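Asks:
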Amino acid sequence: MNEYTALGLMSGSSLDGVDLTFCHFFEEGQSWHYHIEVAETIAYNEVWKQFLMESLHVSAEELPARDVKFGNYLGKLINDFLKRHNLKPDLIALHGHTLFHQPKQGFSFQLGSGQAIAIKTGIETISDFRNKDILLGGQGAPLVPIGDTQLFADYDFCLNIGGIANISFDVNGIRKALDVCPANQLLNHLSELMGEPYDKGGKMS
């Protein structure tokens, strides 16, 4: 049986924090399955929120330095997470934090050096998920439908509610996907107006 464990990291446009998820993936028959073993969200403090927002406007010289700095920060979070839960993944999958997404110009850039993480953790790290698709003529987004295809093929529709909501669905054997509307970006902003960083458990909604 083909199987592996992976630690996935995601930092979304809602700026609420870093999501870390340790998953076990295994193949049975002709399909892949998964089990989430441990998951945490580590909230950004104001310093890191400001760091990420300011990174949109820094010089070409400073941007690579910030890429490494954020990668080292993520590497520390990973090491602490793995030690806390006594885990050892086969690989790390890093999305990073999107600063620029311009498929018409042929690129997408996510902050967070995968090499820095690989060195800091000693674990094989996969990153830069979007640019190959863009260079092949795609949009490089949304990413979630790739997982939808492999893990949730029996569902007619899959809706992902992140900073921006996206949906995927099957059309004659081809998976189609598109962004729909602002989601947690807007919801978090409204929650902050009510004195909370986000709508925990959807209670205010």
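Numbering-wise, the numbering used here comes out as the position in the sequence shown, counting from 1, plus 81. Note that the Cβ used here is the ideal one computed from N, Cα and C, for glycine as well. On a predicted model such as this, the values are computed, not experimentally measured, just so you know.
Excluding the 5 residues flanking residue 263 on each side, which residues of the same chain have their C-beta closer than 8 Å to its C-beta?
Replies: Excluding sequence neighbours, residue 263 sits near 244, 245, 246.
Asks: On a Cα-Cα basis, can you pick out the residue from 95, 207, 183 that is closest to residue 242?
Replies: Looking at the Cα atoms, 95 is the closest of the given residues.
Asks: Using a Cβ distance threshold of 8 Å, determine whether the stretch 204–211 contacts the stretch 168–182, with at least three qualifying pairs required.
Replies: The stretch 204–211 vs the stretch 168–182: in contact.
Asks: Starting from residue 201, trace the alpha helix (DSSP H) in both directions and tell me its first and last residue.
Replies: Unbroken alpha helix (DSSP H) run through residue 201: 195–202.
Asks: Any idea if residue 201 is buried or exposed, counting beta-carbon neighbours within 10 angstroms, 16 or more meaning buried?
Replies: Residue 201 should be labelled buried.
Asks: What are the boundary residues of the alpha helix (DSSP H) that includes residue 272?
Replies: First-last of the alpha helix (DSSP H) with residue 272: 265–274.
Asks: Measuring alpha carbon to alpha carbon, tell me which residue in 253, 240, 212, 93 is nearest residue 179.
Replies: Residue 93 is the option with its Cα nearest to residue 179.
Asks: To the nearest angstrom, how far is it from the Cα of residue 287 to the Cα of residue 157?
Replies: The structure shown has nothing for residue 287, since the chain only spans 82 to 286.
Asks: Could you pull the start and end residues of the alpha helix (DSSP H) that residue 42 belongs to?
Replies: Outside the shown range of the chain (82 to 286) lies residue 42, about which nothing can therefore be said.
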